[in-house]
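Trainee: Residue numbers (my numbering): 179 to 282.
Given below as structure tokens:
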């Protein structure tokens with residue numbers, strides 16, 4: 179499944195199917211928090227959090243792609259990511275876009 183941040187696909191005529199989305203709620207890890215707290219004293223990237231966020235984005239994207247495949251989409255355009263706090267120590271990553279079919 180091809181994903182595009184643009185509203186169109188150069189050289190392709192597309193037909194809109196519907197919006198598709200994927201989301202995941204994740205929480206902090208106590209062990210990561212301890213090391214992140216120590217790292218924040220000296221500065222630098224919090225690699226554990228970077229890795230956790232990348233995994234969460236990937237899982238949310240996988241869920242969106244599965245939804246698009248289930249409705250027969252060829253691609254997803256206008257892909258966007260959004261993050262929101264759900265509660266203290268937990269956040270949600272949402273990815274959404276428009277599922278499309280290629281016109282023949």
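Ideal Cβ positions, reconstructed from N, Cα and C, are used throughout, including at glycine.
Whose C-beta lies closer than 8 Å to the C-beta of residue 196 among residues of the same chain, with five residues either side of it excluded?
Mentor: So the qualifying residues of the chain are 249, 276, 277.
Trainee: What is the residue span of the beta strand (DSSP E) that residue 274 lies within?
Mentor: Run containing residue 274: 268-280, per the beta strand (DSSP E) assignment.
Trainee: Does the stretch 186-195 come close enough to the stretch 257-270 that 3 or more CB-CB pairs lie under 8 Å?
Mentor: The stretch 257-270 is not in contact with the stretch 186-195.
Trainee: Going by C-alpha to C-alpha distance, which of 252, 271, 179 sits closest to residue 155?
Mentor: With the chain covering 179 to 282 only, the question about residue 155 has no answer from this structure.
Trainee: Which residues in the same chain have their Cβ closer than 8 Å to the Cβ of residue 235, if we skip the five residues on either side of it in sequence?
Mentor: Taken in chain order, the residues that qualify are 259, 271, 273.
Trainee: Assuming residue 253 and residue 199 are in contact, meaning their beta carbons sit under 8 Å apart, how far apart are those beta carbons, in whole angstroms?
Mentor: Not a contact, Cβ separation roughly 15 Å.
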